[in-house]
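Enquirer:
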Amino acid sequence: MFGLTWFEGAALVVIALLVFGPEKLPQAAAQAGRTLRNLRRMANSAKEDLQSGLGPEFADFDPADLNPKNFVRKHLTADLEDDWNGAASAAALATPAYAPSSYAAEAAEELGYGEIPPYDSEAT
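Going by the numbering used here, the first residue of the sequence shown is number 805, and it counts up by one from there.
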């Protein structure tokens with residue numbers, strides 16, 4: 805629960821009892837629950853408004869993708885996983901790793917979209 809241990813949760817309950825008292829604690833908890841529910845409802849409606857305003861081109865848009873971790877995972881590592889799982893072209897695999905630099909420059913110009921460049925053992 806939110807990264808809290810049992811001890812920290814119990815400490816929060818004790819602090820809440822001391823601050824609100826046993827009479828007002830159920831009312832405060834109910835109000836906190838309503839507030840969280842309203843915030844979640846507003847966030848969901850804002851997300852739906854954003855998706856409907858962007859149009860059908862962005863039907864798969866998820867605001868969580870704007871988080872840098874998710875953005876990198878989705879746009880960079882997904883392509884790498886596809887390439888490693890067999891999407892490599894035969895031309896990229898046929899280029900020798902010991903090719904001279906002029907040959908490597910020519911091969912880099914001939915690569916098409918989505919093709920993997922040749923492996924260069926000196927670059928790693």
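Cβ coordinates follow ideal geometry from the N, Cα and C atoms, glycine included.
1) Here's a check: name, in chain order, each residue in its chain whose Cβ is nearer than 7 Å to the Cβ of K878, leaving out the five neighbours to either side.
2) Buried or exposed for P922, please, with buried defined as at least 16 other CB atoms from any protein chain shown within 10 angstroms of its CB.
3) Is D853 helix, strand or coil when you go by DSSP?
4) Name the two residues that bound the continuous alpha helix (DSSP H) containing K878.
5) Are the beta-carbon atoms of P867 and K851 separated by less than 7 Å?
6) Report the rounded CA-to-CA distance for T839 versus V876, giving the unit in angstroms.
7) Whole angstroms is fine: what's the gap from L854's alpha carbon to P860's?
8) So, helix, strand or coil for F865, using DSSP?
9) Measure the alpha-carbon distance for A894 versus Y917 and round it to whole angstroms.
10) Report the three-state DSSP secondary structure of T809 (helix, strand or coil).
Expert: Answer, in terms of the structure:
1) D869
2) buried
3) helix
4) Premise fails: K878 is in no alpha helix (DSSP H) and is neither H nor E.
5) yes
6) 33 Å
7) 11 Å
8) coil
9) Since pLDDT at A894 reaches only 44, below the 50 mark, its modelled position is unreliable, and no value is offered.
10) coil
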